[in-house]
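Here the structure is laid out as structure tokens; the discussion comes afterwards.
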Amino acid sequence: MSEPVIHVHGLRKSYGEHEAVRGIDLEVARGEVFAFLGPNGAGKTTTVEILEGYRSRDAGEVSVLSEDPASANRRWRSRVGLVLQSCTMPAELTVGELVELYAGYYLHPRPTAETIELVGLTGQRDARTRALSGGQLRRLDVALALIGDPELVFLDEPTTGFDPSARHHAWEVIADLRDLGKTIFLTTHYMDEAQTLADRVAVIVAGEIVAEGTPETLGGRDRAISDISFVHPAGTALSELPDELTSVAQVRDGRVHIAAVEPARSLYALTRWALENDRELGDLTVGRPTLEDIYLQLTEAQEQPR
Amino acid sequence: MSGSRLFAHQFRSDLVRFWRNPQSRYFTVLLPIVFLVIFEEIFKGTTIVDGQRITITTFYVPGIMTLGIISASFVNLTQAVVAQRESGELKRLRGTPLPTGFVIGSRAAVGVVVAIVMSALLLAIGRVAYNVPIPYSTMPGLVIAVIVGAASFACIAFAVSTRIGTAEAAAPATNLAVLPLYFISGVFVPEGQIPKFLHDIATVFPVEHLAQAVRGPFIHTHGAGISTTDLLVIAAWGGAALLIAARTLQLSPRTS
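Below is the structure:
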């Protein structure tokens with residue numbers, strides 16, 4: 007097996023008294039799309055910025071493309087593409103001029119026209135960047151990250167603030183990158199994004215990795231705990247449910263979710279209770295928990311004790 | 005790309021951006037020309053500077069040249085650096101193989117080059133429209149004053165940029181710093197009409213010394229026209245600012 011593109015062991019970083027990252031391990035293989043999830047303030051950005059060579063670390067081993075990003079040189083920089091969270095572009099330049107400018111920074115840049123085509127901005131090539139929409143600016147950002155033909159691309163919340171169609175277009179671009187053989191390190195708030203794009207997912211909460219796996223197996227998602235859910239009946243407390251269900255029931259976004267190990271038995275108990283007490287189970291569904299359900303369980307469970 | 009070609013590549017782009025930016029065009033290029041015309045049209049007669057009687061028209065050419073140099077290499081540069089930092093552009097550039105020194109050096113070079121071009125332009129307008137003689141015999145002294153002044157004020161720009169937190173604050177902060185100094189440093193008003201205590205305050209700051217260094221070649225046309233003391237004061241300000249900038253310059257946005 008080839009050497010991992012990213013290898014992190016025991017990474018720590020504190021800001022004064024606050025321990026932002028508390029000894030995490032990560033491994034990303036070549037050609038993999040790796041999604042790094044976590045709530046705001048969990049240490050996600052700190053970790054990414056250490057991997058990108060923007061921040062120093064307090065302790066731990068970090069190797070990115072076989073080098074320590076803390077001592078990154080020009081050659082290493084030319085192998086890494088970055089899409090940062092902010093996306094303000096020089097308003098005075100056109101899309102073509104800006105991509106040409108960045109092409110000049112790299113040792114072996116991709117062809118400019120082809121790169122602009124890849125992100126779908128060929129029609130805007132001669133437009134000043136201030137004339138672009140938010141989604142187009144973000145795609146220009148991606149073009150600037152790709153122009154150096156990097157082996158590894160960091161995408162920090164690449165679709166935040168996008169409308170659904172812009173998001174789906176961006177996903178196609180990222181899928182194209184994966185097909186080009188790039189290794190992609192993605193941070194996102196959107197579970198559907200991780201579900202669609204990622205080969206592997208890690209969740210960081212309060213500076214620690216709380217789960218890691220494929221989108222299908224994360225947090226035991228594959229181990230067939232079914233999610234029974236229905237609209238939370240007004241004025242009903244969870245404690246009114248049958249005893250066997252109250253311990254596995256949660257209310258989220260106005261719905262009751264029951265994590266059922268034996269769905270037939272749980273459903274029987276639930277529907278009997280509903281009929282006997284004359285309650286309606288609006289929009290009753292039975293399914294596997296979504297990645298979002300798992301993510302919320304993980305992040306809430308970790309955050310509550312604090 | 006070799007180092008010098010890479011620098012030229014960046015410089016060309018920075019120059020294009022300067023020229024396409026309306027604020028640069030109007031405030032840095034057009035405004036000094038308008039000031040020169042207005043002052044030359046309003047004020048007539050003669051004045052005494054450094055014990056020499058000169059025409060008011062001759063007084064205002066080096067005065068507005070000083071303003072032009074400072075506008076390009078200090079006011080405009082500070083605003084550009086703060087804006088590039090706060091927009092995240094400097095941070096993004098740090099993530100590319102382009103050396104950080106090139107990012108900063110190229111934008112500073114734009115300020116210095118524009119300062120030199122503006123000086124030449126104002127000199128030419130003074131000659132053509134107001135018959136102010138070009139000081140050929142002391143030209144080396146004038147060129148040195150312009151270059152030392154522009155380079156030093158560019159260093160001051162980077163040091164000052166570290167003290168400004170937002171792009172919105174950059175224009176008022178830089179203008180507030182230089183506008184009063186123009187009035188008390190012999191840029192807008194001849195030295196003889198400035199109360200002594202105000203002029204004494206002015207001599208602490210580099211604006212007054214640049215005004216002297218640029219004006220000298222127009223007045224003392226027999227020597228070399230180089231005012232060593234003034235140039236040393238300006239360079240000392242520039243050097244000190246460079247040290248501060250080297251230690252405290254930030255590339256990441258403050259507000260994030």
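Taken in order, these protein sequences are the chains called A and B.
Quick note, this note's numbering runs 6 ahead of the 1-based positions in the first sequence.
Quick note, this note's numbering runs 4 ahead of the 1-based positions in the second sequence.
Built from N, CA and C at the ideal position, the CB exists for glycine as well.
Going by the CB atoms, is the gap between residue j and residue i shorter than 9 Å?
i: Thr170 (chain B); j: Arg258 (chain B); result: yes
i: Asp289 (chain A); j: Ala265 (chain A); result: no
i: Leu146 (chain A); j: Leu138 (chain A); result: yes
i: Thr252 (chain A); j: Ala41 (chain A); result: no
i: Gly72 (chain B); j: Leu19 (chain B); result: no
i: Ala181 (chain A); j: Pro164 (chain A); result: no
i: Gly225 (chain A); j: Gln303 (chain A); result: yes
i: Val14 (chain A); j: Leu57 (chain A); result: yes
i: Glu33 (chain A); j: Ile12 (chain A); result: yes
i: Ala217 (chain B); j: Leu235 (chain B); result: yes
i: Thr70 (chain B); j: Pro139 (chain B); result: no
i: Thr61 (chain B); j: Asn135 (chain B); result: yes
i: Met122 (chain B); j: Pro36 (chain B); result: yes
i: Arg184 (chain A); j: Gly37 (chain A); result: yes
i: Phe222 (chain B); j: Thr142 (chain B); result: yes
i: Val39 (chain A); j: Ala204 (chain A); result: yes
Across which residues does DSSP place residue i in a beta bridge pair?
i: Gly293 (chain A); result: A:Asp233
i: Phe43 (chain B); result: Note: Phe43 (chain B) sits in no beta bridge, so no partner.
i: Gly87 (chain A); result: A:Val159
i: Arg18 (chain A); result: A:Arg28, A:Ala65
i: Ile175 (chain A); result: Sequence check: residue 175 (chain A) is His here, not Ile. Bridge partners of His175 (chain A): none, in fact.
i: Arg206 (chain A); result: A:Phe40
i: Phe191 (chain A); result: A:Phe40, A:Phe160
Enumerate in chain order the residues of its own chain whose CB-to-CB distance from residue i is below 6 Å, with the five nearest sequence positions on each side excluded.
i: Ile210 (chain A); result: Gly44, Ala48, Gly49, Lys50
i: Gly115 (chain B); result: Ala76, Ser77, Leu81, Ala158
i: Thr305 (chain A); result: Pro45, Val211
i: Ile215 (chain A); result: Ile30, Ala208
i: Val86 (chain B); result: Ser165, Ile168, Ala171, Ala174
i: Phe106 (chain B); result: Phe11, Gln14
i: Ser256 (chain B); result: Lys95
i: Thr118 (chain A); result: Val105, Glu106, Ala109
i: Ala172 (chain A); result: Gly141
What in chain A is Cβ-close to residue i, meaning under 7 Å?
i: Lys95 (chain B); result: Leu90
Quick check: the Cα distance between residue i and residue j, rounded to an integer number of angstroms?
i: Gln197 (chain B); j: Gly220 (chain B); result: 18 Å
i: Val159 (chain A); j: Glu120 (chain A); result: 18 Å
i: Phe191 (chain A); j: Leu146 (chain B); result: 56 Å
i: Ala275 (chain A); j: Val237 (chain A); result: 17 Å
i: Pro311 (chain A); j: Phe209 (chain B); result: A caution first: Pro311 (chain A) carries a pLDDT of 47, below 50, which makes its placement in the model unreliable, though a value can still be read off. Cα to Cα, the separation comes out at about 58 Å.
i: Ala112 (chain B); j: Val191 (chain B); result: 24 Å
i: Ser84 (chain A); j: Tyr112 (chain A); result: 6 Å
i: Gly110 (chain A); j: Ile74 (chain B); result: 31 Å
i: Ala243 (chain A); j: Ile231 (chain A); result: 23 Å
i: Glu286 (chain A); j: Ser91 (chain B); result: 53 Å
i: Val86 (chain A); j: Met95 (chain A); result: 20 Å
i: Arg57 (chain B); j: His13 (chain B); result: 48 Å
i: Asn79 (chain A); j: Pro101 (chain B); result: 8 Å
i: Glu103 (chain A); j: Arg258 (chain A); result: 49 Å
i: His203 (chain B); j: Arg29 (chain B); result: 32 Å
i: Phe168 (chain A); j: Tyr196 (chain A); result: 11 Å
i: Thr50 (chain B); j: Thr59 (chain B); result: 4 Å
i: Gly242 (chain B); j: Ala155 (chain B); result: 7 Å
i: Gly55 (chain B); j: Pro103 (chain B); result: 50 Å
i: Val68 (chain A); j: Ala97 (chain A); result: 36 Å
i: Gly67 (chain B); j: Ser6 (chain B); result: 41 Å
Quick one: list the residues of chain A neighbouring residue i, beta-carbon separation under 8 Å, in chain order.
i: Val20 (chain B); result: Glu98, Leu99, Glu103
i: Gly220 (chain B); result: Ordered by position in chain A, no residue passes the 8 Å Cβ test against Gly220 (chain B), which lies about 37 Å from the chain.
i: Leu10 (chain B); result: Gly110, Tyr111
Whose C-beta lies closer than 7 Å to the C-beta of residue i among residues of the same chain, with five residues either side of it excluded?
i: Leu247 (chain A); result: Ala255, Trp279
i: Arg261 (chain A); result: Ser235, Phe236, Val237, His238
i: Ala65 (chain A); result: Gly16, Arg18
i: Asn179 (chain B); result: Val79
i: Ala88 (chain B); result: Here residue 88 (chain B) is Gln; the residue named in the question, Ala, does not match the sequence. Correct list, in chain order: Leu94.
Name the chain B residues whose beta carbon is nearer than 8 Å to that of residue i?
i: Arg83 (chain A); result: Gly99, Thr100, Pro101
i: Leu107 (chain A); result: His13, Gln14, Ser17
i: Arg80 (chain A); result: Pro101, Pro103
Under 9 Å between beta-carbons, which chain E residues line up against residue i? List them in chain order, please.
i: Tyr21 (chain A); result: Although the question refers to chain E, the structure presented lacks it and instead comprises the protein chains A and B.
Looking only at its chain, what residues have a beta carbon closer than 8 Å to the beta carbon of residue i, apart from the 5 residues adjacent to it on each side?
i: Leu99 (chain A); result: Leu107, Arg134, Thr135
i: Thr252 (chain B); result: Ala163, Thr166
i: Glu55 (chain A); result: Arg61
Identify the contact partners of residue i in chain A, using a Cβ-Cβ distance below 9 Å as the criterion.
i: Asn25 (chain B); result: Ala97, Glu98
i: Gly92 (chain B); result: Leu90, Gln91, Ser92, Cys93, Thr94
Name the chain B residues that come within less than 9 Å of residue i, Cβ to Cβ?
i: Glu58 (chain A); result: Gly99
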